[in-house]
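First comes the structure, then the notes that go with it.
In the numbering used here, the protein residues as written are 3 to 120.
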């Protein structure tokens with residue numbers, strides 16, 4: 003099983019980026035998918051999540067600016083980020099709860115760096 007994250011890069015304050023996460027491999031089902039981020043010198047934090055039924059949750063700091071979507075059939079999750087701020091800088095990690103081998107597993111992607119410059 004692999005979670006492949008992409009789309010990070012450099013953006014200016016007020017700019018936008020879209021991240022993508024694709025799950026592949028020997029997968030029976032995917033439950034929750036989420037984006038977490040880790041800023042320099044800080045702990046990893048939840049940014050946005052979406053259940054398989056489509057319910058989304060966001061960190062207060064990104065509400066109104068970030069939008070998470072997913073395609074259950076393709077096992078893809080996107081994070082559209084607009085009006086970026088310097089505090090959005092960090093490594094963004096994709097997470098998925100995946101069913102295989104008769105039980106649920108937690109998987110993490112490799113991380114993609116987002117840098118917001120002023």
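Even for Gly, the Cβ is constructed at its ideal location relative to N, Cα and C.
Every value quoted in this text rests on a predicted model; they were computed, and no experiment measured them.
Among the residues of its own chain, which have a CB less than 8 Å from the CB of residue i, if the five just before and after it don't count?
i: residue 42; result: 91, 92
i: residue 20; result: 9, 80, 81, 82, 83
Taking the C-alpha atoms as reference points, what is the distance between residue i and residue j?
i: residue 62; j: residue 74; result: 25 Å
i: residue 105; j: residue 14; result: 42 Å
i: residue 117; j: residue 10; result: 8 Å
i: residue 33; j: residue 99; result: 5 Å
Closer than 6 Å by C-beta to residue i: which residues in its own chain qualify, once you throw out the five before and the five after it? Chain order, please.
i: residue 78; result: 24
i: residue 110; result: 95, 97
i: residue 70; result: 50, 52, 58, 81
i: residue 86; result: 13, 17, 118
i: residue 22; result: 8, 9, 80
On the criterion of 16 or more Cβ atoms from any shown chain inside 10 Å, does residue i qualify as buried, or is it exposed?
i: residue 57; result: exposed
i: residue 51; result: buried
i: residue 127; result: No statement about residue 127 is possible, as the shown extent of the chain runs from 3 to 120 and does not include it.
i: residue 89; result: exposed
Go to residue i, then tell me how far its beta strand (DSSP E) extends in each direction, as first and last residue.
i: residue 14; result: 11-14
i: residue 59; result: 58-60
Using a Cβ-Cβ cutoff of less than 7 Å, which residues in the same chain neighbour residue i once the five nearest sequence positions on both sides are dropped?
i: residue 102; result: 3, 28, 29, 30
i: residue 36; result: 48, 50, 51, 97
Who are residue i's beta bridge partners in DSSP?
i: residue 102; result: 105
i: residue 31; result: 101
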